[in-house]
Amino acid sequence: MSKIVLIGIDAATWTVIDPLLKDGKLPSISSLIENGVRAPLKSLQGYKSPALWTSIATGKTPEKHSILYFSNLYLGKTKSRNISTNPLINWPLRLKNQIHKDPFTTSRSGHFLNKAYVYSMLKYGRLLEKLKMGGNRLTTSTSLQEKTMWEMLSNEKVSCGVVGWLVTWPAQKIHGAMISEKAIEGLQKIYKNKFDLEEAKVSITFPEEINEEISSLKKKAEEISDQEIDGFFNNLSADEKQQIRKDIFDRKSRLSFFTHLYLSDLFSTEAGLHLKNKIDPDFLSVYLPGLDGIQHLFWQFHQPESFSFLPEDQTHVDKFKDMVNNYYIFLDSLISRMVDDEAVIILASDHGMEAISEKDFDKTAIRSGQHENSPDGILIMSGGPIKRGERLEKATILDVAPTVLYLLGKEVDINIEGKVLKDAFDPTHIENNPVRKKDYGKKKGGQESFYTSKEEKEVKDRLKALGYLD
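Quick look at the structure:
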């Protein structure tokens, strides 16, 4: 049985990676590709990161696992009844599935129906909030209706370490350890020196004592050096560098966003290495959120030719022009720290990134990158029984979970919608190890947990600045 290190890189795209590979700028990723397989990773049209990363984790579509957006719709004064999957609410998704049997079909009608669902859910939420009869609440792990791959592996007593994955708070009891995404959100505030379990009321980590251990891994904004800043930006002034080191988040500032995104990825890496050293899991999964935000905010400087409708001084900005490329180079250095020669390494992204078109561009916002058309993400697998130096033609985000289960020598869930990527393996390995299946059962429901009102506002403010929750 191979060990696995799965690194999730939100919004990584071959359109940026390939030119950097050609220039020799990504040595770690280049080595993984030379000694493994690469593929475009097909995403699901119209869905956002919580839904997509949960599909990667479960091997099932959002309609099955029930994480459809950043928030769910609740009814009742205590907002205790989740009605997001009620036919009166999610009819656009049901209609889309009737029109398109293949969930990966890309069409204008499918895109419209996804947007219709989000629009109606948010509108209903505002109405219920006004009437004090319910409203929208951010998704949590208690909303999930299907088992994740780490829950299936835990059933089989395979040790797991999970760091920062979306929709993992409250942290679940698994055979190993989990650091939920709330640890990252707590870090993004940069207001406290350790994550406040008492305020959360529900575990940020499992076991709970890990919360104390990871507190010391947190780098403060004020500790970011000039050398670190110069690795991303060109010729920032002293005042601009001080803005990066501020402890207060400003959602209208690209520099402030950079601080939070950079520190988040640093922390996730340190936390992943902490779990690796502490429990040496058979399956380690680390989610790096920063690239998505960086590309949303700096794409117009990375690809100015796509923004000819803007004045040149808003696209040809020297201090920002290399940010996107430099962030990939930074991520390559983080990947090098997590690579284990004895493990199969998997890099995956939920989608890619593209320029916002002129008709959709909001000149009052700081956002210029988007993934509304669900551009392909990336998949790289290297080590163990994986082929060397080959390209796969077809892979989807639903295929990651069954492939992980297979790599670890376990049965694939009989109800999973993805498939084992057999073309990635040495044929002899497939012959000697046929895919086996079993029913892992449904996830058991329990009492739902919610963010506090203050936390909801902070998270939603960040999402709005990135173009979500309109």
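Okay, so the sequence shown: first residue is 3 according to our numbering, each after it adds one.
Cβ coordinates follow ideal geometry from the N, Cα and C atoms, glycine included.
Coarse secondary structure for Ile-226, derived from DSSP in three states: Annotated three-state conformation of Ile-226 is coil, per DSSP.
Would the segment 289–308 and the segment 316–329 be scored as touching if the rule is three or more Cβ pairs under 8 Å? By the Cβ criterion, the segment 289–308 is in contact with the segment 316–329, since at least three pairs of Cβ atoms, one from each stretch, lie closer than 8 Å.
Cutoff 6 Å; reference Ser-205; Cβ partners in own chain excluding five residues on either side: Within its own chain, the residues whose Cβ lies closer than 6 Å to the Cβ of Ser-205, once the five positions on either side in sequence are excluded, are Pro-172 and Ala-173, listed in chain order.
DSSP state of Gly-65, grouped into three classes? Per the sequence presented here, residue 65 reads as Glu, with Gly not at that position. Reduced to three states, the DSSP call for Glu-65 is helix.
Check for me: the alpha helix (DSSP H) holding Ile-250 runs from which residue to which? For Ile-250, there is no enclosing alpha helix (DSSP H), as DSSP marks it with neither H nor E.
Three-state secondary structure assigned by DSSP to Gly-178: Reduced to three states, the DSSP call for Gly-178 is strand.
Whole-angstrom distance between Lys-248 and Asn-236, CA atom to CA atom: Looking at the backbone, the Cα of Asn-236 and that of Lys-248 are separated by about 19 Å.
Can you check whether the C-beta of Ala-59 is within less than 8 Å of a C-beta belonging to chain D? Reference to chain D is not applicable here, since this structure consists of a single protein chain.
What residues are listed by DSSP as bridge partners for Phe-285? BP columns for Phe-285 point to Ile-6 and Cys-162.
Where Ser-33 falls: helix, strand or coil (DSSP): The three-state reading of DSSP puts Ser-33 in helix, counting H, G and I together.
Report the CB separation of Asp-284 from Val-160 in whole angstroms; it is logged as a contact under 8 Å. Confirmed, about 5 Å.
Suppose you measure from the CA of Ile-9 to the CA of Met-151; what does that come to, to the nearest Å? For Ile-9 and Met-151, the distance between alpha carbons rounds to 14 Å.
Selected residue, minimal CA-CA separation from Gly-274, among Cys-162, Ile-358 and Ile-246: Distance from the Cα of Gly-274 is smallest, within the candidate group Cys-162, Ile-358 and Ile-246, for Cys-162.
Sequence-distant residues of the same chain with beta carbon closer than 8 Å to Glu-36, five excluded per side: Excluding sequence neighbours, Glu-36 sits near Arg-390 and Gly-391.
Between the Cα of Ser-82 and those of Gly-136, Arg-128 and Ala-53, spot the shortest distance and give me the residue it belongs to. Among Gly-136, Arg-128 and Ala-53, the Cα nearest to that of Ser-82 belongs to Gly-136.
If you draw a straight line from the C-alpha of Ser-473 to the C-alpha of Asp-320, how long is it? The chain is shown only over 3 to 472; residue 473 falls outside these bounds and no answer can be derived.
Presumed contact (8 Å Cβ cut-off) between Ile-418 and Pro-404, rounded CB distance: The beta carbons of Ile-418 and Pro-404 sit about 5 Å from each other, so the pair counts as a contact at 8 Å.
Helix, strand or coil, according to DSSP, for Thr-108 in the structure here? Note: Thr-108 maps to coil in three-state DSSP.
Going by other Cβ atoms of all chains shown within 10 Å of its Cβ, with 16 needed for buried, is Ile-416 buried or exposed? With fewer than 16 other Cβ atoms within 10 Å, it is exposed.
So, Tyr-330 versus Leu-54, is the Cβ gap smaller than 8 Å? The criterion of a C-beta distance shorter than 8 Å is not satisfied by Tyr-330 and Leu-54.
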